[in-house]
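Respectively, the protein sequence lines represent chains D and B. With the first sequence counted from 1, adding 247 to any position gets you our numbering. With the second sequence counted from 1, adding 57 to any position gets you our numbering. Even glycine gets a Cβ: it sits at the ideal position worked out from N, Cα and C. Notes for the one structure printed next.
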Amino acid sequence: MSTTAGTVRRDAVADDRWQAGVAGYGLGLLRIILGVTFLHEAAWKIPPAFGQPTGDGLWEWTNFAISDPVFPPYTLIVENVVLPAFPFFGWLVFLGEAALGGFLIVGLLTRLFAAIGVLQSLAIAFSVLNVPGEWSYAYYILVAGMLAVVLGGGGRALGLDGVLRPRWSTSDSRIARLGLVLS
Amino acid sequence: MTGGVRTAALVLGVLGVVGGVLGFAVSAGQPFTAAEGARVGELFHLNPLGSAVSVALGAVALAGAWLRQRAVVLATSAGWLVAALLTVAQSGREVNLLGGTASTLALFLGLGAGLLALAIAPVETGPDAAPGGGGVAG
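Below is the structure:
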């Protein structure tokens, strides 16, 4: 009887470990999809004016935070901080989204970049959530997906973090310690 | 350069080569340094020169990883990062040598930073590891 119970427990533990491994791969796949999403979406942020003179592109989408407000404090920030210094914020989006795409796809320093991804996804949501025709759930899924990658350390399967963390953990160097924290 | 680090560098090298080959396929007929590169699928933009750079850097990274030459992988990571800087400086302008956009920058950054991290990864320590390992640049 006790042998049977012990076998069942061992099977359950083995099943849990297998399940955890599969979940890691699922999270890795989610991270890659989110990275590809940002890589794809980065393409239409065109420097140096980012659509300001013609009223399209990133300029138009940023202005949706004012024409179709979602979160009043964010609208206030866009109106008084972002638009007056638009080229600076355009470059920030250009570099930020490119970095999100690149680092999330290869799974390097994943927790850092997914955390930045949460912030950027919130900024996007606060800009366009109420625009007629937008599917608002897409933005909830984007934020939730990024959060899952942050919390789960989504670069440890199908990513460079998974390859590098064992080596970083045996090193005393500052870079290695930083890598462990940010992955 | 051994184990998973070497395998990961091989994968990144293959990604660079495949990206460049696809770039050649979609940019066929474009001027060699067209400012607006052709788009690979719904992903990144490359013109024929950008495609050639991607194939060349990917192939050298692949060779470096295959031959376990850390310095070669490090050099290709520098090459990708220079391509990334060039894309930042020229994207959206009249002269855009590689034909890239922010999407292309994502590709270059991912491959450059990824290969850099692999090239400077601490050497594996353990019973089978060579003595003196463990340093970041080892």
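Residue i to residue j span [Cα, whole Å]
i	j	result
D/Leu305	B/Ser134	31 Å
D/Val325	D/Arg414	43 Å
B/Leu216	D/Phe335	With chain B running from 58 to 195 in the structure shown, residue 216 of chain B is simply not present.
B/Asp185	B/Pro88	Confidence at B/Asp185 is low in this model, with a pLDDT of 49, below 50, so the placement of that residue should be treated as unreliable; the coordinate-derived value is given next. Between B/Asp185 and B/Pro88, the C-alpha separation is close to 53 Å.
D/Val353	B/Gly60	17 Å
B/Phe81	B/Ser108	6 Å
B/Thr90	D/Phe318	44 Å
D/Thr251	D/Arg421	50 Å
B/Val78	D/Pro316	44 Å
D/Lys292	D/Leu394	24 Å
From the options, residue whose alpha carbon lies closest to that of residue i
i	options	result
D/Tyr387	D/His287, D/Asp262, D/Gly401, D/Gln367	D/Gln367
B/Leu162	D/Phe341, D/Val353, D/Leu330	D/Phe341
D/Phe333	D/Phe297, D/Leu398, D/Gly271	D/Phe297
B/Leu168	B/Arg63, B/Thr64, B/Gly70, B/Leu143	B/Gly70
B/Val68	D/Gly426, D/Leu407, D/Asp419	D/Leu407
D/Ile363	D/Leu347, D/Ala423, D/Ser374, D/Ile371	D/Leu347
B/Leu166	B/Ser111, B/Val152, B/Ala92	B/Ser111
Residue i, DSSP secondary structure in three states
i	result
B/Ala95	strand
D/Leu351	helix
B/Leu100	coil
B/Asn153	coil
D/Val328	helix
D/Thr309	helix
B/Gly191	With a pLDDT of 37 at B/Gly191, under the threshold of 50, the modelled position of that residue is not reliable, and the figure given next carries that caveat. Three-state result, B/Gly191: coil.
D/Asp315	coil
B/Pro105	helix
D/Pro295	coil
D/Arg414	helix
D/Ser430	coil
D/Gly400	coil
CB of residue i within 7 Å of CB of residue j, strictly
i	j	result
B/Arg127	B/Ala159	no
B/Val83	B/Val74	no
B/Asn104	B/Gly94	yes
B/Ala66	B/Ala122	yes
D/Leu274	D/Gly392	no
D/Ala361	D/Val396	yes
B/Gly149	D/Pro294	yes
D/Gly401	D/Ser430	no
D/Ala289	D/Ala345	yes
B/Ala92	B/Asn153	yes
Test: residue i CB closer than 7 Å to a CB of chain C
i	result
D/Leu286	Looking at the structure shown, chain C is missing, and the protein chains on hand are D and B.
Checklist entry - Using 8 Å as the Cβ pair cut-off and three pairs as the minimum, do the stretch 255-266 of chain D and the stretch 380-400 of chain D touch? => result no
Next on the checklist: Three Cβ pairs or more, each shorter than 8 Å: is that satisfied between the stretch 277-294 of chain D and the stretch 355-367 of chain D?
Outcome noted: yes
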